[in-house]
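One structure is given here, and the rest of the page talks about it.
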Amino acid sequence: MTQVRLEKVSKLFGDTKAVDNVDLLIEHGEFIVLLGPSGCGKTTTLRLIAGLEKPTSGYIFFDNEVVNDLEPKDRRVAMVFQDYALYPHMTVFDNMALNLRVRKLQEEEIRKKVLETAELLGIKELLRRKPSQLSGGQQQRVALGRAIVREPSVFLMDEPLSNLDAALRAKMRGELKKLQERLKTTTVYVTHDQVEAMVMANRIAVMKDGKTQQVGSPQEIYSKPANRFVAEFVGSPKMNIIEASLKDKSGPVLDAGAFEIAVTKELASTLESDIHGSDFLIGIRPEDVHLSTAPAKGYVESTVYLVENVGNLVYVSLQVGNVLVVAQSPPSINLSVGDKVFFRLDLDKLHIFDKKNETLVV
1 MTQVRLEKVS KLFGDTKAVD NVDLLIEHGE FIVLLGPSGC GKTTTLRLIA
51 GLEKPTSGYI FFDNEVVNDL EPKDRRVAMV FQDYALYPHM TVFDNMALNL
101 RVRKLQEEEI RKKVLETAEL LGIKELLRRK PSQLSGGQQQ RVALGRAIVR
151 EPSVFLMDEP LSNLDAALRA KMRGELKKLQ ERLKTTTVYV THDQVEAMVM
201 ANRIAVMKDG KTQQVGSPQE IYSKPANRFV AEFVGSPKMN IIEASLKDKS
251 GPVLDAGAFE IAVTKELAST LESDIHGSDF LIGIRPEDVH LSTAPAKGYV
301 ESTVYLVENV GNLVYVSLQV GNVLVVAQSP PSINLSVGDK VFFRLDLDKL
351 HIFDKKNETL VV
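As structure tokens, then:
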């Protein structure tokens, strides 16, 4: 197992800063996911760790040794790519054995390592086939096997499941996580799929515009997002964001224009004592918006704008003036577009962001 540390790492391509002053510590045996939209710098960060790119500035450490100038072959890393990168003219056995032969291991040792790895991945019966004779899931296992057989100190994975169908992708997520826990190899995994990140990671590093926005456990990222970007990027449907101002109307309220949210004096005091002014962004996840078909104290009247049934859950978009709020509900509520319905925000689950810089206040 290897500890990987990035210290103020940047990478420029011409005038474009693909990675911007990133600090990141990846512990021994950890499964960390670099999560973000296309172009956020996550794959470039992975390639910097691999040695396929050299940093413009900053340092990359493997167990406290600077590896900036080490070639990829000298870093003891193994990379699994999105397209698997298997040689079509070689058998599965030869694809898995190639790097061992480059290292000039004895054929008997190569055979032993390949067979052991194939047994681990359940692909022993495929060793004589060529990639064109394999399904997508089988090719993915071969690509993993080729990485595992090298016994690397770090696994680097660049969206390795993205070419699989939804059902197989879900199955392979679990298998890959179990495999990593068994091998205990430090793993850096790149994806834009927040479900994949939440299910697989020990920790997630959310990236945007080459910067790390937040690093934490999946639960920390979900329940305590550091800023609006993280709040909206993680979670499906995304978090509701509502503009509001703190006002005093026979008690403190967050005034969203179309409706008001009464808040405690303690919360109002916290907001007033900050340097953020009086304008905020209220974040609330759909599961924390409660619905009622009848008026009730603390509930806001709204009109059903859209109903999305996903089987075991229904997502209802509610319109109040020019504000839309998405609520999660069981299908039994039986609502239709145009219906009048009432909602309440769970005050204990509010996320309040500074309107100017969009960072979390409370």
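For the sequence shown, the positions run 1 to 362 when this note's numbering is used. Using N, Cα and C, we set each Cβ at its ideal position, and we do this for glycine too.
As assigned by DSSP and simplified to three states, the class of residue i
i       : result
Glu-287 : helix
Tyr-222 : helix
Asp-405 : The structure shown has nothing for residue 405, since the chain only spans 1 to 362.
Gly-29  : coil
Thr-191 : strand
Met-79  : strand
Phe-280 : strand
Met-96  : helix
Asp-348 : helix
Val-149 : coil
Arg-101 : helix
Pro-237 : coil
Ala-231 : helix
Lys-340 : strand
Asp-354 : strand
Lys-8   : strand
Ile-60  : strand
Arg-128 : coil
Residue nearest to residue i in terms of C-alpha spacing, selected from the options
i       : options                               : result
Gln-194 : Val-188, Leu-179, Glu-181 and Pro-218 : Pro-218
Tyr-59  : Asp-20, His-28, Asp-83 and Lys-73     : Asp-20
Leu-120 : Gln-213, Val-206, Val-149 and Ser-135 : Val-149
Gly-311 : Gly-136, Asn-334, Glu-260 and Lys-265 : Asn-334
Ala-244 : Ile-221, Val-215, Phe-280 and Lys-42  : Phe-280
Lys-11  : Val-361, Thr-43, Leu-70 and Pro-55    : Pro-55
Gly-145 : Leu-105, Ala-197, Ala-166 and Phe-81  : Phe-81
Ala-18  : Ile-26, Lys-42, Arg-169 and Pro-72    : Lys-42
Val-361 : Lys-73, Arg-76 and Asn-227            : Asn-227
Glu-308 : Leu-176, Leu-254 and Ala-327          : Ala-327
Asp-255 : Ser-273, Ser-278, Lys-356 and Gly-235 : Ser-278
Ser-57  : Asp-69, Lys-297 and Glu-108           : Asp-69
Thr-44  : Glu-71, Glu-220, Ser-273 and Phe-13   : Phe-13
Whole-angstrom C-beta distance between residue j and residue i, which should lie under 8 Å
i       : j       : result
Pro-237 : Ala-231 : That belief does not hold up - the Cβ atoms of Pro-237 and Ala-231 are roughly 12 Å apart, past 8 Å.
Lys-249 : Glu-301 : Their Cβ separation, rounded to whole angstroms, is 18 Å, which puts Lys-249 and Glu-301 out of contact at 8 Å.
Phe-31  : Thr-187 : 5 Å
Leu-34  : Thr-91  : No, Leu-34 and Thr-91 are not in contact; Cβ-Cβ is about 33 Å, not under 8 Å.
Ser-332 : Leu-291 : Not a contact, Cβ separation roughly 11 Å.
Ala-268 : Gly-321 : About 23 Å; that fails the 8 Å criterion.
Residues of its chain near residue i, where Cβ-Cβ distance is below 8 Å and the 5 sequence neighbours each way are ignored
i       : result
Lys-124 : Leu-115 and Ala-118
Ile-284 : Met-239, Asn-240, Ile-242, Val-325, Leu-345, Asp-346, Lys-349, Leu-350 and His-351
Pro-37  : His-192, Lys-208 and Phe-233
Gly-29  : Met-1, Lys-184, Thr-185 and Thr-186
Leu-164 : Gly-136, Gly-137, Gln-140 and Met-172
Leu-134 : Val-92, Leu-126 and Val-142
Val-77  : Ile-49, Ala-50, Gly-51, Pro-152, Ser-153, Val-154, Phe-155 and Leu-156
Glu-358 : Asn-227, Arg-228, Phe-229 and Leu-281
Ala-147 : Ala-78, Met-79, Val-80 and Phe-155
7 Å Cβ shell around residue i - same chain, five flanking residues per side excluded
i       : result
Leu-86  : Asn-95, Pro-131, Gln-139, Val-142 and Ala-143
Arg-101 : Ile-110
Asp-23  : Leu-6, Glu-7 and Lys-8
Gln-213 : Val-206, Met-207, Ala-226, Asn-227, Phe-229 and Val-230
Neighbourhood of residue i by C-beta distance below 6 Å, restricted to the same chain and skipping five residues each side
i       : result
Met-79  : Ala-50 and Leu-156
Leu-271 : Leu-246
Leu-25  : Arg-5
Ala-97  : Ile-110 and Val-114
Val-199 : Arg-173
Arg-129 : Val-92
Lys-177 : Met-200
Gly-106 : It should be pointed out that residue 106 corresponds to Gln in this sequence rather than to Gly. Excluding sequence neighbours, Gln-106 sits near nothing in its chain.
Inter-residue Cα distance where the pair is residue i and residue j
i       : j       : result
Arg-182 : Val-154 : 14 Å
Glu-159 : Tyr-84  : 10 Å
Leu-179 : Ile-204 : 19 Å
Asn-4   : Ser-317 : Per the sequence shown, the amino acid found at residue 4 is Val instead of Asn. Val-4 and Ser-317: Cα-Cα distance of roughly 44 Å.
Thr-264 : Pro-252 : 7 Å
Leu-306 : Val-337 : 6 Å
Pro-295 : Phe-343 : 9 Å
Leu-161 : Ile-261 : 43 Å
Glu-196 : Leu-168 : 13 Å
Lys-211 : Cys-40  : 8 Å
Val-67  : Asp-15  : 25 Å
Glu-175 : Lys-113 : 20 Å
Val-215 : Leu-52  : 24 Å
Tyr-299 : Val-289 : 10 Å
Thr-303 : Leu-48  : 51 Å
Val-314 : Glu-287 : 10 Å
Tyr-189 : Ser-223 : 22 Å
Asp-74  : Val-323 : 56 Å
Pro-88  : Asn-99  : 16 Å
Glu-266 : Thr-293 : 31 Å
Gly-235 : Ile-221 : 10 Å
Any C-beta of chain C under 8 Å from that of residue i
i       : result
Gln-133 : Any reference to chain C falls outside this structure, which holds one protein chain only.
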